[in-house]
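Working notes for the structure below.
Protein chains in written order, with this note's numbering: chain A, 1 to 101; chain B, 1001 to 1174.
Have a look at this one:
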């Protein structure tokens, strides 16, 4: 049996697009972090699907790297979020203007 | 088996929509867990056995638990979604639709759907390890350096003294 690669690529595109949409619409920093995870999951799914299609394991290696990057991102991101919350007592993105000129 | 692939794909999309649309971060986190588990099941059905296990252990077992722990640590209020679904949401929707159309134009002429015959140890620990430690060993070492940097960064963030209260006079109070 051959898996439906085109459907899986569409699912991957959907995951990435929904994550992007959430990144634009949501204001909570934690939810933004989760939207980034969604986009990473979409990219990984496309990699695995094409890996299966070409019977090539390079996509698997790249997915492992993506998972490691996601772990690093979560560690640093949650550290930043915690220190921001200690400072401002909120996670609402519209209340932060540290970098605004 | 193909039925399960469709099922898990649709479940992943539903979880993603739930992640973006739910009002409280803990609901978002739970929907994201559902999405990541569905994606892991899809990996398993695509013969990526090791990656499916790693996805469940690292993503769901470590990263999501860390995020949920942070949510429980912070006292968060539910967010007012309505006020944001105006101009920004419309712009994001237009960009998203344009992006999907461009992907569709690109995918339309490509020969997708015809899967190749798999080698014996495809996606197993043995197969992945052979490739990871010979061909991609530099990648592996660089990922180690990246994780070391992330650990040092998280440590520096956690142990430094808190910044003095912001004295920005332009900041308006709510």
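Using N, Cα and C, we set each Cβ at its ideal position, and we do this for glycine too.
Quantities reported herein were computed from a predicted structural model and do not represent experimental measurements.
Three-state secondary structure (DSSP) of residue i
{"i": "residue 92(A)", "result": "strand"}
{"i": "residue 1016(B)", "result": "helix"}
{"i": "residue 1003(B)", "result": "helix"}
Own chain residues within Cβ distance below 7 Å of residue i, not counting five before or after
{"i": "residue 1050(B)", "result": "1123, 1124, 1125, 1128"}
{"i": "residue 41(A)", "result": "15"}
{"i": "residue 11(A)", "result": "45"}
{"i": "residue 35(A)", "result": "19, 22, 23, 26"}
{"i": "residue 59(A)", "result": "47, 48, 50, 51"}
{"i": "residue 1029(B)", "result": "1064, 1067, 1068, 1071"}
Unbroken alpha helix (DSSP H) run spanning residue i, endpoints
{"i": "residue 1106(B)", "result": "1087 to 1108"}
{"i": "residue 1035(B)", "result": "1025 to 1045"}
{"i": "residue 1126(B)", "result": "1125 to 1134"}
{"i": "residue 1071(B)", "result": "1064 to 1073"}
{"i": "residue 1139(B)", "result": "1137 to 1159"}
{"i": "residue 1053(B)", "result": "1049 to 1054"}
Local Cβ density within 10 Å of residue i, reported as buried at 16 or more and exposed below that
{"i": "residue 1004(B)", "result": "exposed"}
{"i": "residue 1065(B)", "result": "exposed"}
{"i": "residue 1160(B)", "result": "exposed"}
{"i": "residue 64(A)", "result": "buried"}
{"i": "residue 17(A)", "result": "buried"}
{"i": "residue 94(A)", "result": "exposed"}
{"i": "residue 81(A)", "result": "buried"}
Close Cβ partners of residue i (< 6 Å) along its chain, the five nearest in sequence each way excluded
{"i": "residue 92(A)", "result": "27"}
{"i": "residue 1032(B)", "result": "1019"}
Sequence-distant residues of its chain with Cβ nearer than 8 Å to residue i (five each side left out)
{"i": "residue 1140(B)", "result": "1132, 1133"}
Item to check | Ranges of the alpha helix (DSSP H) found wholly within the segment 12 to 80 of chain A, counting only runs of at least 4 | outcome: The segment 12 to 80 of chain A is shown to contain whole alpha helix (DSSP H) runs of 4 or more residues at 29 to 54, in chain order.
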